[in-house]
Amino acid sequence: MNAVQFGRVRHMVDLYCRDHHGEAAPHPCPDCAGFLAYAECRLAKCPYGQEKPTCSNCPIHCYKKAPREFAKEVMRYSGPRMMTRHPVLALLHVLDGRRKVAHPKELKRGGPD
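Residues 524 to 636 (the numbering used here) are what the sequence shown spells out, left to right.
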């Protein structure tokens, strides 16, 4: 699994949840915790592995429609705020977004040659 990508997602969801679901609520709330579990599962199955591109540059849509819409909402809200809350993670995300992405058919498969 790509722990770096999941860490960024976790920080973005925590920021979103704290600002949208109240200070008194446990963080993350049950809905956001469910999304994080789903995201972790999808990242674990990513064919790109440690070379996973940013979601906006990825040719594979690994989330179902509802979680994908929630992820977009979280990223639109949290993305700009990451520069002040987690500037190093935000900068690394920008740099990762500039990497060239291989087409999924070009990826090596783990089977016998």
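Each residue gets a CB set at the ideal place from its N, CA and C atoms; glycine is no exception.
Within 10 angstroms of the beta-carbon of Ala-613 lie 16 or more other beta-carbons, which makes it buried. Of the candidates Tyr-539, Arg-565, Lys-568, Cys-564, the residue whose Cα lies closest to the Cα of Cys-555 is Tyr-539. Taking the Cα positions, Gln-573 is about 5 Å away from Asn-525. Closest option to Lys-628, judged by alpha-carbon separation, among Met-535, Arg-533, His-534, Pro-570: Pro-570. Nearest to Asp-542 by alpha-carbon distance, out of His-609, Tyr-600, Val-624, Leu-615, is Tyr-600.
Proximity to Cys-564 across Thr-577, Pro-590, Gly-545, Cys-552 peaks at Pro-590, based on C-alpha coordinates.
Cβ neighbours of Tyr-561 within its own chain (closer than 6 Å, five residues either side excluded): Pro-590. Counted as a single uninterrupted DSSP element, the alpha helix (DSSP H) harbouring Ala-562 occupies residues 553 to 567.
Rounded to the nearest whole angstrom, the C-alpha separation of Asn-580 and Val-624 is 7 Å.
Under the three-state reduction of DSSP output, Ala-589 falls in the helix class. Across the structure, Pro-610 and Val-536 are spaced so that their CA atoms are roughly 16 Å apart. With respect to the 9 Å criterion, Pro-576 and His-626 are not classified as neighbours on the basis of their beta carbons.
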